[in-house]
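To start, the structure under review is shown below, and the notes come after it.
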Amino acid sequence: MRRLFLAACAGVLLAVSCAHDKAASSVPAPPFKPEATGRGGAAATIDVRATAAAIEILKDGGNAVDAAVAAAATVGVTDLYSCAIGGGGFMVIYLADEQRVVTVEHREKAPRALHRGLFYENGAPIPMPEVMTSGLSTGVPGNVRGWELALERYGTRRLSEVLKPAIRIAEQGFEVDETFFEQTTRNVERFKLFSSSAQLLLTPDGKPRPVGSVFTNPELAKTYRLVAKGGSQAFYRGEIAQAIVGTLARPPVVPDAPRKVRPGVMQLSDLADYEARVREPVKSTYRGYTVYGMPAPSSGGLTVGLALNLLEGFEPASMSRVDFLHRYLEASRVSFADRTAYVADPEYVDVPVAGLLSKDYAAERRKAMDLASAAARELPPGNPFSFQEDPSFLPRTAAGPSASLGPSVLDVPNRETTHISTTDKAGNIVSYTCTIEAEGGSGIVVPGYGFLLNNEVTDFDVPPSPTAPHANIPEPGKRPRSSMSPTLVLKDGAPVVALGSPGGSTIITTVLQTLVNHLDLGMPLLEAVAAPRVSQRNTPDGKSQAEPEFIASPEAAALKERGHTFTSSGQIGAVTGLRFNPDGTVTAVAEPKRRGGGSAMVVEEAGR
Ligand code: GLU
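The opening residue of the sequence shown carries number 45 in our numbering; numbering runs sequentially from there.
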């Protein structure tokens, strides 16, 4: 996504403002960098223009929150298939002055008229692809309110200021690269179903816009301008809200569409009433580090915390790398059994947070890890409720833990999302994951407004039986459980590392594996990010998904001898992160290769 630079313009910031120059835009870009070390602030994202937008805001005196929102809004232009104002996200913020961590949760929520029954037909769950590309899949978007709330409470700039870089790029355009082309190609048939999506995203003859062509989105620029002028109210009330509700009620399906598209049930009041939440982070400890993550409705912080607690019982220095990887996979399997059973929207379900994070519970759950041979198997959940500090804490459903889901019903691989990492000269840090769920979300562009609507409702679980209990079933007004895991690690009160990733439920294992690579196996952060990935998520087949490079490794061969089985997955995740070095510099890190490579920048490069 990131190979757009205009040689006619000197430097990244100028490149952004010169992007309308079509002659210059075809000039090959200088390479982006996946790592940068320096002072005065830093940013890493999957897209060079988004990183540049964050650095522009930092250089202008904005703080890490301002920069993160500027980067997210820019991703909404240049990587509109991953995160945009039609979606939601989770932001973990370190406030340097107060030495405090807060989170801004702006997850999409189910419309009030949405209920479980809508996801079954003739007693069976509606097939995933049908739900995904439909009005039914769209949750009430959270990003605009989340951005505004984060800026109001913890930022120094207004939405109107931080949206400027994104508006400029939407108007002036950017050059389509291989990644953008491939993302469009994978979704052509979905986009062709909707006149608005085809018009914005495809050529007049229904093909992906070619690599090297200039993509402009004046309608999104107009939408951003409305938000810049009117704040979040301009999004959640008024013409944008009406356009969203109208689009979902009557998706703009082309005549002779080859398939049925279900309408949604969102009302204007769902948008008008949307609230982002400031939530306490999930806090756990690991070998002397303090780990902060996102609480429910994301399962990220709790699952990472539990897995690390399990791993804390083993000393990496005392064993081979293969032995430790074996434990990493088993710890992940055990944590996912609990995550799937117990974590959901905390406003609807009593999530046993203290129990899941209790060191005693981890000691108990460690017994479920098979240290000798990890046969492919699906583990049942444990009972964290008996480890709650408050013994009267009981699951709200008399039926006990969630029903088994069987083979995934509303779960697909190849999901998209994006992670943004920023820090400023004062030492504030933002670790921010945002999404529209699948690559291209619901596939539906709001006509005249230039953005795709999310399909986040597909993150609810729909058990095979319409009456089986489950913590994460669709319910009116509920937030679907997420796996997004923006993470921050401190030691003795000082920041050490911040990171996160996209990748659906593999987000959790990617964050876990990268932390283990860095904190336990001693890899520098860039190496920890680049290392081949393997993901164990307690799926019914018991197998681990792994990248081909991992499957081809000697470690994988040794793990197979210990009973592990792997399925090849293609690329897993796309991490960005920050490493806070002992000398006071910060190293910003992005993927060197995955998703076409990301971009890391600092305000002042070290040594200059
Ligand atoms: N919707 C997913 C979640 O909230 C993220 C999708 C992705 O990362 O691709 O967990």
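For glycine and all other residues, C-beta sits at the position ideal for the given N, C-alpha and C.
Note that the coordinates shown come from a computational prediction; the quantities given were computed from them, not determined experimentally.
- When distances are taken from the beta-carbon of ALA482 to the heavy atoms of ligand 1, the shortest one is below 8 Å.
- Proximity of the beta carbon of MET528 to ligand 1 is indicated: a heavy atom of the ligand is located closer than 8 Å.
- In this structure, the CA atom of VAL541 is about 14 Å from the CA atom of GLY85.
- The beta carbon of PRO491 sits closer than 6 Å to the beta carbons of SER240 and PRO296 from its chain, once the five residues preceding and following it are set aside; these are given in chain order.
- In this structure, ILE129 sits near THR267, with a CB-CB distance shorter than 9 Å.
- Between GLU591 and the set PRO584, LYS604 and ARG577, the nearest pair of CA atoms involves ARG577.
- Here ALA418 is near ARG606, since their CB atoms are less than 9 Å apart.
- Spatial neighbours of PRO254 in its own chain (CB-CB distance under 8 Å, excluding positions within 5 residues in sequence) are listed in chain order as VAL220, PHE225 and THR247.
- Taking LEU569 as the centre and dropping the five residues before and after it, the same chain places the C-beta of VAL541, HIS562, GLY621, ARG623, THR631 and VAL633 closer than 7 Å to its C-beta, in chain order.
- Between the alpha carbons of LEU496 and LEU245 lies a distance of about 10 Å.
- Within the same chain, Cβ atoms closer than 8 Å to the Cβ of VAL184 are found at GLU152, LYS153, ALA154, PRO155, MET310, ASP314, LEU315 and TYR318, the five residues on either side in sequence being excluded.
- Cβ atoms of VAL474 and ALA112 come within 8 Å of each other, at about 4 Å.
- Around the beta carbon of SER178, a 10 Å sphere encloses 16 or more other beta carbons of the protein chains shown; the residue is thus reported as buried.
- Bridge partners of ILE552 according to DSSP: none are assigned.
- Secondary structure note for ARG230: its alpha helix (DSSP H) is the uninterrupted segment 222-230.
- For LYS403, there is no enclosing beta strand (DSSP E); the enclosing alpha helix (DSSP H) has its first and last residue at 403-409.
- Here ILE552 is near ARG383, since their CB atoms are less than 9 Å apart.
- The count of Cβ pairs closer than 8 Å, one atom from the stretch 518-529 and one from the stretch 597-614, stays below three, leaving the stretches out of contact.
- Apart from the 5 residues on each side of it in sequence, ALA285 sits with its Cβ closer than 6 Å to the Cβ of LEU312 and LEU315 in its chain, given in chain order.
- Short of 7 Å from the beta carbon of ALA351, and not among the five residues preceding or following it, lie these beta carbons of its own chain, in chain order: ALA375, SER376, SER379 and LEU556.
- For PRO546, the Cβ falls inside the 8 Å cut-off from some heavy atom of ligand 1.
- Taking a C-beta distance under 9 Å as the contact criterion, LEU415 and ASP564 do not qualify as a contact pair.
- PRO539 has LEU534 as its beta-bridge partners, per DSSP.
- For ILE464, the enclosing beta strand (DSSP E) begins and ends at 462-468.
- Taking ARG409 as the centre and dropping the five residues before and after it, the same chain places the C-beta of LEU354, VAL378 and GLY426 closer than 7 Å to its C-beta, in chain order.
- Within the model, the alpha-carbon separation for ALA385 versus GLY485 is close to 26 Å.
- Within 10 angstroms of the beta-carbon of GLU233 lie fewer than 16 other beta-carbons, which makes it exposed.
- Per DSSP, reduced to three states, the secondary structure at LEU246 is strand.
- Look at GLU483 here: in three-state DSSP terms it is coil, with no helix or strand label.
- DSSP, read as helix, strand or coil, puts PRO598 in helix.
- With a threshold of 16 other beta carbon atoms within 10 Å, ASN187 meets it and is buried.
- Nearest in C-alpha terms to ILE464, of all of PHE76, PHE134, LYS411 and TYR125, is PHE134.
- With a cutoff of 9 Å on beta-carbon distance, GLY290 and GLY282 are scored as not near each other.
- Distance from the Cα of ALA574 is smallest, within the candidate group ILE517, PRO510 and GLY640, for GLY640.
- For the pair ARG189 and ARG197, the Cα-to-Cα distance works out to about 12 Å.
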